[in-house]
Structure formats: C-alpha cells, structure tokens
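Residue numbers (our numbering): 52 to 306. The beta carbon of each residue, even a glycine, is placed where N, CA and C say it ideally should be. What you are looking at is a predicted structure, and each value in this text was computed from that prediction instead of being measured.
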C-alpha cells in the first residue's frame, strides 16, 4: 500500500467521528468518505458535487477509478497537501467536505484518465459537467500529484499545460496561450512553484522549480527556478522567499 493510500483509514476515522457529531452529514459521508474503498469514495464525492449534466459522473468515476489506482493515490496526495498547507482547521475530512479546489482536482483526474484512454468525448463531457465547480481544466492537461489548489474558482488551464508535483495555485489563475502558436502552446509549471491569485501565464514558457508568481502578475517569459516575479509584464524581484519552505523540504527541493 502506498503512503498516499494509508490516508484513507485516517480519513474514514475522521469522517465517522464527524458523522456521529453532526448526523445531518452522515448520509453524505457514508456515500463518500465512509465508502468501502477510496475509489468508490471519490466516485461518491463526484456524484454529490456534480449533479446532472451530460453524464452520471459518479457512475463513470466508479468504473474509471476502480481501474486507475495511480489516479486514486494522486487524489489522496492532493487531499493531504491541501490539508497540510491550508490555514483552515478540520483535518482531512474538512478538506474532503469543503475543499472546492480538491473537488476540482478529483474531477480533472477523472477527465484526464478518460482522455488518456481515448474516450475523448466522455472526457469533454465530464469536464463540462464539472465546470459547475468553478474551474475549466482541459482534460488533456497534465497535472502532477500533491497539488494545493486553494479556492480554485476561475482557474483556467489549457490543453498542453503541465503542472508538476507540489505546485500551489490560487483562484483566478490562467495557464493560457498567446493565440500566436499552434501545438504545444501552454505553460509548464515546475515542481513546488506558487502561482498567486489572478496570475496569468501565457504561452509555451516555464515557471521554474520553487518559483513564485505574485498575485495579479502577467507572465510572458520563462521564470528561472527559485525566483519571485511580479507585475505586468512580470519581472524578477530582488528577494525570493517561498511561502512554504517545509513543503519544499517534503518535495526534496532546497529552499
């Protein structure tokens, strides 16, 4: 069992305690965090979070996640990272219940797996249904594990974008193209980078490992590793300070 999968019994214990304390949540937790296994729990979560639309997303997720243990483990890694870095209390079950960014990542992991498996129409339909959560992530976009998506509302991620492990993103971030190129045309965000609220990164450029893009910045050129940029157009600032040095240590990146 992977380290990520060991989170599941911890989550279940927290969920059981919460269901006892707040009976109104018992049915929802029973279908999700108290499901027999993580794959069915994530499917139940999507069934609760994304009603209606083109598809029964829960039923689709139950089939897909049962055959994709790596995606389930990646989702649990997201759950752990968001819980660890978020200032709000509540533990794993608090993120499970109220972490909108976490819900968006679970939906994308479903859509991306469908896309990778050649079920592109289902992938697009799943992405469209999940838009009710507040993000628009192309199902082809490649997302690493252990991401911290805080709030997530207004997030837009283009088709050829790459977000590596341990990246932290806030609401309103856009990973888009300049509309001046075909093919590989979206940003590559390297491990441990931080993208502040409403940051816009355009084109096939890189934001380097452990770099920080300040809120509201517009980035049109690649950002070197371990660099802070701000402004429109974004420019390097003299002092670089990552907000989560312990997170970098967990990723084995020097602060």
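Item to complete: Could you check the C-alpha separation between residue 237 and residue 274 for me, to the nearest Å?
Response: For this step, residue 237 is matched to residue 186 along the chain shown. For this step, residue 274 is matched to residue 223 along the chain shown. Distance between the alpha carbons of residue 237 and residue 274 is about 14 Å.
Fill in: When 99, 267, 201 are compared against residue 134, the one with the closest alpha-carbon
Counting from 1 along the chain shown, the entry for residue 134 is found at position 83. The residue with the shortest Cα to Cα distance from residue 134 is 201.
Practice prompt. Might you give, ordered along the chain, the residues of its own chain that have their beta carbon closer than 6 Å to the beta carbon of residue 310, omitting 5 neighbours on each side?
Written response: One cannot answer for residue 310 here, as it falls past the ends of the chain, which runs 52 to 306.
Discussion item. Among 220, 265, 162, whose alpha-carbon lies nearest the alpha-carbon of residue 137?
Written reply: Counted from its first residue, the chain shown places residue 137 at position 86. The shortest Cα separation from residue 137 among 220, 265, 162 belongs to 220.
Discussion item. Distance check for residue 153 and residue 229, CA to CA, integer angstroms please.
Written reply: Here the question's residue 229 lines up with position 178 in the chain shown. Here the question's residue 153 lines up with position 102 in the chain shown. The alpha-carbon atoms of residue 229 and residue 153 are separated by roughly 28 Å.
Worksheet entry | Whether residue 262 touches residue 249 by CB criterion (8 Å) | On the chain shown, position 211 is the one that residue 262 refers to. On the chain shown, position 198 is the one that residue 249 refers to. No, the Cβ-Cβ distance between residue 262 and residue 249 is not below 8 Å.
Practice prompt. Would you kindly work out how many angstroms separate the C-alpha atoms of residue 86 and residue 161, rounded to a whole number?
Written response: Indexing the chain shown from 1 puts residue 86 at position 35. Indexing the chain shown from 1 puts residue 161 at position 110. Each residue's alpha carbon lies about 18 Å from the other.
Discussion item. What would DSSP say about residue 247, mapped onto helix, strand or coil?
Written reply: If you number the chain shown from 1, residue 247 lands on position 196. DSSP places residue 247 in coil when its eight states are reduced to three.
Worksheet entry | From 81, 206, 239, residue whose alpha carbon lies closest to that of residue 215 | Locating residue 215 in the chain shown gives position 164, counting from the first residue. Nearest option by C-alpha distance: 239.
Worksheet item: Is the Cβ-Cβ distance between residue 194 and residue 163 less than 8 Å?
Response: Translated into positions along the chain shown, residue 194 becomes position 143. Translated into positions along the chain shown, residue 163 becomes position 112. Taking 8 Å as the Cβ cut-off, residue 194 and residue 163 qualify as a contacting pair.
Worksheet item: Hey, quick one: how far does the beta strand (DSSP E) through residue 149 stretch, first residue to last?
Response: One-based indexing of the chain shown puts residue 149 at position 98. Run containing residue 149: none in the beta strand (DSSP E); it sits in the alpha helix (DSSP H), 142-149.
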